[in-house]
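The next block holds one structure in the form of structure tokens; read it before the comments.
Number of protein chains: 2
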Amino acid sequence: MMPSDEWVIDGLQYCNWSGKIFDQMRASGVVAVHATVSYHENFRDTVSNLIAWNRRFERFADRITPGRTAADIDRARAQGKTAIIFGSQNPASIEDDIGLVDVLHRLGLRFMQLTYNNQSLLAAGCYEAQDAGITRMGREVIAEMNRVGMVVDMSHSGETSTLQAIELSRRPIAITHANPFQWAPVVRNKSEPVLRALGQSGGMLGFSLYPLHLRNGTDCSLEDFCTMVARTAELIGVERIGIGSDLCQDQPDSEVHWMRNGRWSKAPPASAGFAPPPRWFTDNTGFGSLRQGLRAIGFAEVDVGRILHRNWLDFFAASFPPSDGARDGA
Amino acid sequence: MMPSDEWVIDGLQYCNWSGKIFDQMRASGVVAVHATVSYHENFRDTVSNLIAWNRRFERFADRITPGRTAADIDRARAQGKTAIIFGSQNPASIEDDIGLVDVLHRLGLRFMQLTYNNQSLLAAGCYEAQDAGITRMGREVIAEMNRVGMVVDMSHSGETSTLQAIELSRRPIAITHANPFQWAPVVRNKSEPVLRALGQSGGMLGFSLYPLHLRNGTDCSLEDFCTMVARTAELIGVERIGIGSDLCQDQPDSEVHWMRNGRWSKAPPASAGFAPPPRWFTDNTGFGSLRQGLRAIGFAEVDVGRILHRNWLDFFAASFPPSDGARDGA
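Protein chains in written order, with my numbering: chain A, 10 to 339; chain B, 10 to 339.
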């Protein structure tokens, strides 16, 4: 259907999943996607979300399959399916119980953000006025995530917490969906010191296509975005970058309120919902435009492949297996 | 250390687990045991009990290992360890959510009783005055257990519910720990019609050594017990029987109150705790006596092996894998 190297791994999406979206993924060669399964949900509610995924795996068995290992992704590619890799954007899913890290890894969770904007039990979010760094529990949980094979994701974390997580983690971490602050100065984007430390430690940055993370927002041009990708490749290495589109396709605007306010605030729902995505990336078919944009800016074909899939696949292969011999395979 | 065929699989234990007990298991050649992880616990509390097992797997990694497949048991045997197979004595662990069957199977649960003495959402327990059989949800859950590879266990269920479960289940079921009613007429033991239906459907009966299920209780003789085993072999086939000792070693007497009364009754704790086990089976070293008793009563060596391990291993190999191709391995 498409040239053998034109396939995609997306480092983050939070869509309102449907057969239509799975069709678009397949048509666009999206072989694997890290899918958010919880924000403010506690363990039991996160499990309910995983059960909803089990239903989708039964209903759309011809299109999607669980992604727990790099081998699952190779298999999905061979079968023309999309592997779904679970992640939590916030550690509410482990409550105050470090034992739930292993349990959730066994249930397929492969990424967990230590914070989502706010202070958590583990670290500080990027919207807190003060960032006191990784907490006592946070240090324990990072070690446990390292042990079982769950990636520390600092996309929504504060600067100090992120730098400490990079240093404390025995395995490389990820910032699955964010852009350089220097290019688009919003609080969710990352400083050069963070990006350099991430790259030097073998971590991964997934470039976000969420309009609020883009220069000029919805009006960001494809060329401007791809130029930013090229400059970041020069800064931290073309092996350290991928895409984490943060695509929130077909979500109702009410979902923004849950993401931002959860149960922690009594603030009424904001009138605005999701900002419109850039015209060249409104759904998974946008990866075709992105590929053309990366080529047009001068990336060699091998580096286009690295950015669009290979770097994430290598990172998954290194990150998802348990690190100790004692624990049996997931 | 011991003759190559002198090893044991126990179809049920609920001990107060410790290094001492794991040592006794290893010394007695107990290669696998179905261990109860919950009675009246809801899902979250069951998960806490699984987390406690994860701690034991780390702490006693030289002696125990998770038992999720028949291959895990072969591996445990080769390594001189005991494989721990999780089971729930009551469906409180799945709450009212059929999706938790798949989730708990992925977390290692391989047996679930549809009832524990009382009416449940799925079936009637053996102490209810009336047994209306398998409920609407019960039929759905049996089908789901069949699909994922979780054994329906009717040890504490009523007669009608048990007969219906045998008929409704597409895969053979188990009565992991009970004895023939004709031999010891207590409500927990099983009638001939139940035993015949179980045997004809390819199910398994695990003989219990819990004193209240024995003729003459604590004073039951080894010879009397083994004669009962021989008669049951004649009734349902020597391929259909094993041991489910129901060993509750080192449990505090208070545990009896939790097992019997959970949170469903305001009855004060009974003054009596666990009845003393028969002198010839007070811990896992008792399997040596049992082996001698089965030999003395005239069982051929091959049948002693069937009863003490082979039948359970064959049953596990047939019962634990998912039954559909769509679901990936656990």
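Even glycine gets a Cβ: it sits at the ideal position worked out from N, Cα and C.
*Could you confirm whether any beta carbon from chain B is found closer than 8 angstroms to the beta carbon of A/V150?*
Answer no: the Cβ-Cβ gap between A/V150 and chain B never drops below 8 angstroms.
*Just the Cα atoms here: how many angstroms apart are B/L172 and A/L322?*
51 angstroms
*Go ahead and pull the three-state DSSP assignment for A/P202.*
A/P202 falls in the helix class under three-state DSSP.
_Chain-order list of residues whose beta-carbon lies under 7 angstroms from that of A/H114 (same chain, five-residue window excluded)_ = V157, G158, M159, A339
*Option nearest A/R269 by Cα separation, candidates A/L116, A/I94, A/R197, A/A141*: A/R197
*Rounded Cβ spacing between A/F120 and B/R53 (contact assumed at less than 8 angstroms)*: No, A/F120 and B/R53 are not in contact; Cβ-Cβ is about 23 angstroms, not under 8 angstroms.
*Thinking B/N155 and B/S178 are a contact (beta carbons under 8 angstroms), I'd like their distance in whole angstroms, please.*
Between B/N155 and B/S178 the beta-carbon gap is near 6 angstroms, inside 8 angstroms, which marks them as a contact.
*Using the DSSP secondary-structure output, state which residues sit across from B/G44 in a beta bridge.*
Checking the sequence, you will find Ala at residue 44 of chain B rather than Gly. Paired residues: B/Q22, B/F95.
*Applying a beta-carbon distance threshold of less than 9 angstroms, which residues of chain A neighbour B/V112?*
V56, L59, I60, N63, L116
*asked:* Taking CB distances under 8 angstroms as the criterion, tell me whether B/F324 reaches chain A.
replied: Output row for B/F324: interface = no.
_B/F95: contacting residues in chain A (beta-carbon distance under 9 angstroms)_ = None at all; the shortest Cβ gap to chain A is about 12 angstroms.
*Within the 8 angstroms Cβ cut-off, does B/G158 reach chain D?*
Included in the structure are the protein chains A and B, with no chain D among them.
_Using only CA atoms, which one of B/G297, B/Q260, B/Q301, B/P220 lies nearest to B/P194?_
In terms of Cα proximity to B/P194, the closest of B/G297, B/Q260, B/Q301, B/P220 is B/P220.
*asked:* I'd like to confirm something about B/F290: is its beta-carbon nearer than 7 angstroms to some heavy atom of the ligand MN, or not?
replied: No copy of the ligand MN appears in this structure; indeed no ligand is present at all.
*Counting along the chain, where does the beta strand (DSSP E) carrying B/R86 start and finish?*
Segment 79-88 is the alpha helix (DSSP H) holding B/R86; no beta strand (DSSP E) there.
*Tell me whether B/F329 is buried or exposed, calling it buried when 16 or more other Cβ atoms sit within 10 Å of its Cβ.*
With 16 or more other Cβ atoms within 10 Å, it is buried.
*Among A/G142, A/K90, A/D312, which has the Cα closest to the Cα of A/V238?*
A/D312
*asked:* Along the chain, where does the alpha helix (DSSP H) containing A/R115 start, and where does it finish?
replied: 108-115
*Given a cut-off of 8 angstroms, decide if A/F290 and A/L218 are closer than it, judged by their beta-carbon atoms.*
Yes, the pair counts as a contact, with Cβ atoms nearer than the cut-off.
*Would you tell me roughly how many angstroms separate the C-alpha atoms of B/L131 and B/T124, rounded to the nearest one?*
The straight-line gap from Cα to Cα measures roughly 7 angstroms.
_Beta-carbon proximity check, B/V110 vs B/E50, cutoff 8 angstroms_ = no
_Beta-carbon proximity check, A/W26 vs A/V46, cutoff 8 angstroms_ = Contact: no.
*To which residues of the same chain is B/E104 closer than 7 angstroms at the C-beta, ignoring the five residues directly before and after it?*
N51, F52
*Let me know the secondary structure DSSP gives A/G338 once reduced to three states.*
With a pLDDT of 42 at A/G338, under the threshold of 50, the modelled position of that residue is not reliable, and no figure is offered here.
*Looking at A/S164 and A/D19, is the spacing between their C-beta atoms short of 8 angstroms?*
no
*asked:* 8 angstroms is my cut-off, CB to CB: does A/R272 come that close to chain B?
replied: Interface annotation, A/R272: not in contact with chain B, CB-CB separation never under 8 angstroms.
*Got a sec: is the Cβ-Cβ distance from B/R86 to anything in chain A below 8 angstroms?*
Cβ-Cβ to chain A under 8 angstroms: no for B/R86.
_Any beta carbon of chain A sitting closer than 8 angstroms to that of B/F216?_
Chain A, which has no Cβ nearer than 8 angstroms to the Cβ of B/F216, makes this no.
*Using a cut-off of 9 angstroms between C-beta atoms, extract the partners of A/R249 located in chain B.*
Close partners of A/R249 in chain B (Cβ separation under 9 angstroms) are lacking, with about 31 angstroms as the shortest Cβ gap.
_Please list, in chain order, the chain A residues whose beta carbon lies closer than 7 angstroms to that of B/R53._
F52, R53
*Please classify A/Q122: is it buried, with 16 or more other beta-carbons within 10 angstroms of its beta-carbon, or exposed?*
buried
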